[in-house]
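Enquirer:
Protein chains in written order, with the numbering used here: chain A, 6 to 300; chain B, 6 to 300.
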């Protein structure tokens with residue numbers, strides 16, 4: 006499988022063969038025959054910010070440090086200029102502690118939790134747009150030829166999805182190149198791991214495209230904006246509120262991307278339609294990930 | 006579309022035409038042409054148990070009473086024998102208050118939240134299996150002919166999914182008949198609405214099958230068991246932990262159901278293979294919901 010696509014451009018590519026991410030299980034198929042399949046792991050990781058326990062995430066378990074950093078950042082509990090003094094991961098205790106120079110206390114914030122449509126102990130609803138006041142997403146360009154190239158490369162990249170399914174992927178991209186491809190059982194974990202990587206590496210956000218396999222809900226749009234990324238694209242569909250927030254924030258929102266098809270519901274101004282859709286092959290059985298209408 | 010399947014057997018069927026569940030939005034498609042599409046709504050609903058604010062769920066907004074009841078029951082905050090004295094829904098304030106004869110206080114429980122793989126302010130991790138001690142799921146039978154019939158009927162039933170996509174469905178079934186078909190932006194909401202309906206109607210659980218479009222994660226398995234339903238089936242895949250818990254609880258777990266294919270990874274003993282898979286048509290384009298491997 007490794008030869009199916011050139012993954013040399015990735016800074017981080019999925020590593021489906023890595024120990025501990027999948028497990029072989031045996032069941033009986035429709036004919037009654039024994040069949041062995043690969044399934045993804047799902048394990049708890051408790052995230053602390055300094056002395057305070059914040060949340061227990063269910064995750065495949067790779068990149069606990071990025072997950073913790075990105076989760077805290079996307080919740081607004083880590084500020085952009087916070088100085089991280091340590092990240093301590095304990096595999097046995099299944100905990101990760103992020104330490105900052107600033108003294109933190111989010112007891113009150115944590116009391117009000119939002120159960121979001123998809124996933125995650127979400128952002129506090131009352132504070133959902135907190136940290137986005139005055140946000141200006143840069144006026145970059147997005148070529149449709151890049152979008153088509155990205156979708157194709159991502160669909161062909163060896164991944165846990167192709168190995169075991171039942172997982173979501175999110176990919177940080179620059180022009181037509183995918184850079185960091187994260188997967189997780191919860192799609193929000195995949196996004197948070199990207200955010201954590203960006204925070205760690207100091208990667209610029211304003212010229213990036215975020216590609217996700219998940220639905221474009223309010224929370225996905227808000228997280229993307231929190232990360233400063235002006236373009237969010239997905240194979241899946243939209244919720245009305247996701248579209249509304251994207252329009253409000255001036256974020257380019259592209260969904261139902263499948264083969265040559267897509268629809269842009271916000272931020273059309275950034276799109277440069279340089280590719281002829283009729284020259285784009287429709288997805289074959291092998292590259293078809295799933296229906297474009299759903300998550 | 007209404008004629009495509011006989012929905013007369015449903016106690017509750019989806020009502021995709023109902024006001025307020027979808028919205029028309031306009032974007033530009035891959036050719037640059039204006040295109041109007043239907044998208045699902047997503048709105049906050051804050052659930053109270055007596056005087057205590059428990060959670061804000063993002064939901065399509067139908068059946069707030071069932072969602073509140075089922076959420077609280079599946080979190081173990083409502084006990085099986087609790088006397089519900091009132092359910093007050095306020096559409097303007099977007100709140101629903103469930104009142105019980107018993108005095109309740111879940112401050113401590115709420116402090117420890119789990120962010121689950123998929124969705125939802127999940128069950129408290131330390132308490133995840135709470136309420137399941139000594140659970141014995143009944144030793145009923147499940148005919149594969151029922152499973153095939155259910156999948157076919159559900160796929161052809163007019164739904165928000167067929168209308169707008171980006172939504173999950175869960176269906177409570179008896180033998181080969183779907184009874185209650187709930188949809189929501191978060192798949193856990195759909196399950197919770199079923200649980201709320203069962204609690205309200207006093208419907209027996211031991212002879213039911215729960216069908217979901219979502220992945221079979223630990224939390225889905227635990228919720229199904231909490232509801233006392235012995236069989237959980239899905240188009241989607243599994244996580245390793247979901248399978249482990251199903252085996253521990255003796256729950257029949259069937260996934261990757263698509264056309265004639267499926268795989269049973271737990272509770273095979275209940276399955277009666279009375280249908281010849283070769284006589285089952287593979288899914289055509291029109292009935293294909295999405296890839297079997299993913300959520």
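Glycine included, every Cβ here is placed at the ideal spot set by N, Cα and C.
Only a predicted model underlies this, so the values are computations on that prediction, with no experimental measurement involved.
Is residue 279 (chain A) helix, strand or coil when you go by DSSP?
Expert: Taking the first chain and counting its residues from 1, the one referred to as residue 279 (chain A) is at position 274. Three-state DSSP puts residue 279 (chain A) in coil, outside helix and strand.
Enquirer: Rounded C-beta distance between residue 353 (chain B) and residue 222 (chain B)? I'm assuming under 8 Å.
Expert: In this structure chain B extends from 6 to 300, so residue 353 (chain B) is not present and cannot be described.
Enquirer: From B:178, B:160, B:177, B:179, pick the residue whose C-alpha is nearest to that of residue 170 (chain B); which is it?
Expert: Walking along the second chain from the start, residue 170 (chain B) turns up at place 165. Minimum Cα distance to residue 170 (chain B) is reached at B:160.
Enquirer: For the alpha helix (DSSP H) containing residue 69 (chain B), name the first residue and the last one.
Expert: Counting from 1 along the second chain, the entry for residue 69 (chain B) is found at position 64. Note, residue 69 (chain B): alpha helix (DSSP H), 69-79.
Enquirer: To which residues of the same chain is residue 198 (chain A) closer than 6 Å at the C-beta, ignoring the five residues directly before and after it?
Expert: Numbered from 1 along the first chain, position 193 holds the residue referred to as residue 198 (chain A). Closer than 6 Å at the Cβ level, and outside the excluded window around residue 198 (chain A), lie 68, 71, 72, 75, 187.
Enquirer: Which residues in the same chain as residue 244 (chain B) place their Cβ atom closer than 6 Å to its Cβ, once the five residues preceding and following it in sequence are excluded?
Expert: Locating residue 244 (chain B) in the second chain gives position 239, counting from the first residue. Closer than 6 Å at Cβ, skipping near neighbours: 222.
Enquirer: According to a CB-to-CB cut-off of less than 8 Å, which residues of the segment 236-252 of chain B neighbour chain A?
Expert: Within the segment 236-252 of chain B, the residues whose Cβ lies closer than 8 Å to some Cβ of chain A are 241, 242, 243, 244, 245, 246, 247, 248, listed in chain order.
Enquirer: On a Cα-Cα basis, can you pick out the residue from B:18, B:17, B:37, B:179 that is closest to residue 267 (chain A)?
Expert: The residue given as residue 267 (chain A) occupies position 262 in the first chain. Cα-wise, what sits closest to residue 267 (chain A) is B:37.
Enquirer: Tell me whether residue 284 (chain B) is buried or exposed, calling it buried when 16 or more other Cβ atoms sit within 10 Å of its Cβ.
Expert: Along the second chain, read from residue 1 onward, the residue named residue 284 (chain B) stands at position 279. The residue in question, residue 284 (chain B), is exposed, as its Cβ has fewer than 16 Cβ neighbours within 10 Å.
Enquirer: Once the 5 residues before and after residue 229 (chain B) are set aside, which same chain residues still bring their CB inside 6 Å of it?
Expert: Reading the second chain from its first residue, position 224 is the one you call residue 229 (chain B). Answer for residue 229 (chain B): 215, 237, listed in chain order.
Enquirer: Quick check on the DSSP output: the beta strand (DSSP E) that includes residue 157 (chain B) runs from which residue to which?
Expert: By 1-based counting over the second chain, the position of residue 157 (chain B) is 152. No beta strand (DSSP E) contains residue 157 (chain B), which is instead part of the alpha helix (DSSP H) from 149-161.
Enquirer: Look up residue 251 (chain B) in the DSSP assignment and give the residues it is bridged to.
Expert: On the second chain, position 246 is the one that residue 251 (chain B) refers to. Bridge partners of residue 251 (chain B): none, in fact.
Enquirer: Tell me, to the nearest whole angstrom, how far the beta carbon of residue 271 (chain A) is from that of residue 256 (chain A); I am working on the premise that it is less than 8 Å.
Expert: The residue labelled residue 271 (chain A) in the question sits at position 266 within the first chain. The residue labelled residue 256 (chain A) in the question sits at position 251 within the first chain. Going by Cβ atoms, the distance from residue 271 (chain A) to residue 256 (chain A) rounds to 6 Å, so yes, they are a contact pair.
Enquirer: Using a Cβ cut-off of 8 Å (strictly closer), state whether residue 122 (chain B) contacts chain A.
Expert: Counted from its first residue, the second chain places residue 122 (chain B) at position 117. Residue placement at residue 122 (chain B) cannot be trusted, given a pLDDT of 40 that sits under 50; what the coordinates show is reported in the next sentence. Closer than 8 Å: yes.
Enquirer: Thinking just about the alpha-carbon of each residue, which of A:15, A:88, A:78, A:42 is nearest to the one in residue 194 (chain A)?
Expert: As a first step, residue 194 (chain A) must be located in the first chain, where it is residue number 189. Taking only the C-alpha atoms, the option nearest residue 194 (chain A) is A:78.
Enquirer: Taking just the CA atoms, how far does residue 137 (chain A) sit from residue 140 (chain B)?
Expert: For the purposes of this step, residue 140 (chain B) is identified with residue 135 of the second chain, where counting begins at 1. For the purposes of this step, residue 137 (chain A) is identified with residue 132 of the first chain, where counting begins at 1. Approximately 47 Å between the Cα atoms of the pair.
Enquirer: Alpha carbon to alpha carbon, what distance is there between residue 179 (chain B) and residue 208 (chain B)?
Expert: As a position in the second chain, residue 208 (chain B) is number 203, starting the count at 1. As a position in the second chain, residue 179 (chain B) is number 174, starting the count at 1. Approximately 11 Å, taken between the alpha carbons.
Enquirer: Should residue 70 (chain A) be flagged as near chain B, meaning a C-beta pair shorter than 8 Å?
Expert: Start at 1 with the first residue of the first chain, and residue 70 (chain A) comes out as number 65. Judged by the 8 Å Cβ criterion, residue 70 (chain A) is not in contact with chain B.
Enquirer: Could you give the residue range of the beta strand (DSSP E) that holds residue 257 (chain A)?
Expert: Counted from its first residue, the first chain places residue 257 (chain A) at position 252. Start and end: 257-263.
Enquirer: Can you pull the chain B neighbours of residue 270 (chain A), defined as C-beta to C-beta under 9 Å?
Expert: Residue mapping note: residue 270 (chain A) aligns to position 265 of the first chain, counting from 1. Correct list: 30, 31, 32, 33, 42, 44.
Enquirer: Determine the contact status of residue 21 (chain A) and residue 165 (chain A), defining contact as a CB-CB distance below 8 Å.
Expert: Here residue 21 (chain A) is taken as the residue at index 16 of the first chain, counted from 1. Here residue 165 (chain A) is taken as the residue at index 160 of the first chain, counted from 1. Contact flag set, yes.
Enquirer: Under 6 Å Cβ to Cβ from residue 81 (chain A), same chain only, skipping five residues before and after it: list those, please.
Expert: Residue 81 (chain A) sits at position 76 when you count from the first residue of the first chain. If we look at residue 81 (chain A) and ignore the five residues flanking it on each side, its Cβ neighbours are 135, 136.
Enquirer: Buried or exposed: residue 265 (chain B), going by 16 or more other Cβ atoms within 10 Å of its Cβ?
Expert: The residue you call residue 265 (chain B) lines up with position 260 of the second chain. Buried, because 16 or more other Cβ atoms sit within 10 Å of the Cβ of residue 265 (chain B).
Enquirer: What's the gap between the Cα of residue 19 (chain B) and the Cα of residue 54 (chain A)?
Expert: As a position in the second chain, residue 19 (chain B) is number 14, starting the count at 1. As a position in the first chain, residue 54 (chain A) is number 49, starting the count at 1. Their Cα atoms are separated by approximately 43 Å.
Enquirer: Give the range of the beta strand (DSSP E) segment to which residue 213 (chain A) is assigned.
Expert: Counting from one through the first chain, the residue named residue 213 (chain A) turns up at place 208. Here the beta strand (DSSP E) through residue 213 (chain A) covers 213-217.
Enquirer: Going along chain A in order, which residues have a C-beta closer than 7 Å to the C-beta of residue 222 (chain B)?
Expert: Your numbering for residue 222 (chain B) matches position 217 in the second chain. Result: 47, 190.
Enquirer: Within the same chain, show all residues whose beta-carbon is closer than 8 Å to that of residue 145 (chain A), passing over the 5 residues directly before and after it, in chain order.
Expert: Here residue 145 (chain A) refers to the residue found at position 140 of the first chain. Counting only Cβ-Cβ distances below 8 Å, and skipping sequence neighbours, we find 211, 212, 235, 236, 275.
Enquirer: Give me, in chain order, the residues of the same chain whose beta-carbon lies closer than 7 Å to that of residue 46 (chain B); leave out the 5 immediate sequence neighbours on both sides.
Expert: Within the second chain, the letter at position 41 stands for residue 46 (chain B). Counting only Cβ-Cβ distances below 7 Å, and skipping sequence neighbours, we find 25, 26, 27, 28, 65, 66.
Enquirer: Taking Cβ-Cβ distances shorter than 7 Å, what residues in chain B pair up with residue 21 (chain A)?
Expert: As a working note, residue 21 (chain A) is residue 16 in the first chain. Neighbours of residue 21 (chain A) on chain B: none; closest Cβ ~13 Å, over 7 Å.
Enquirer: Secondary structure at residue 182 (chain B), three-state DSSP: helix, strand or coil?
Expert: The count along the second chain starts at 1 and reaches residue 182 (chain B) at position 177. If DSSP states are grouped into helix, strand and coil, residue 182 (chain B) belongs with the strands.
Enquirer: Can you find the residues in the same chain that come closer than 7 Å, C-beta to C-beta, to residue 91 (chain B), ignoring five residues on each side of it along the sequence?
Expert: Taking the first residue of the second chain as 1, we reach residue 91 (chain B) at position 86. Here the set comprises 104.
Enquirer: Which of the three DSSP states is assigned to residue 229 (chain B) in this structure?
Expert: Position 224 of the second chain, counted from the start, is the residue given in the question as residue 229 (chain B). Of the three classes helix, strand and coil, the one that applies to residue 229 (chain B) here is helix, per DSSP.
Enquirer: Can you give me the Cβ contacts of residue 110 (chain B) inside the same chain, cut-off strictly under 8 Å, excluding the 5 residues immediately before and after it?
Expert: Numbered from 1 along the second chain, position 105 holds the residue referred to as residue 110 (chain B). Contacts found: 57.
Enquirer: Apply the 10 Å Cβ neighbour rule to residue 107 (chain A) and answer buried if 16 or more other Cβ atoms are within range, or exposed otherwise.
Expert: Numbered from its first residue, the first chain carries residue 107 (chain A) at position 102. Residue 107 (chain A) should be labelled exposed.
Enquirer: State buried or exposed for residue 286 (chain A), treating a residue as buried only when at least 16 other CB atoms are found within 10 Å of its CB.
Expert: To locate residue 286 (chain A), count along the first chain from 1; it is residue 281. Flag for residue 286 (chain A) reads exposed.
Enquirer: DSSP state of residue 62 (chain B), grouped into three classes?
Expert: Mapped onto the second chain, residue 62 (chain B) falls at position 57. In the structure shown, residue 62 (chain B) sits in a strand (DSSP, three-state: E or B).
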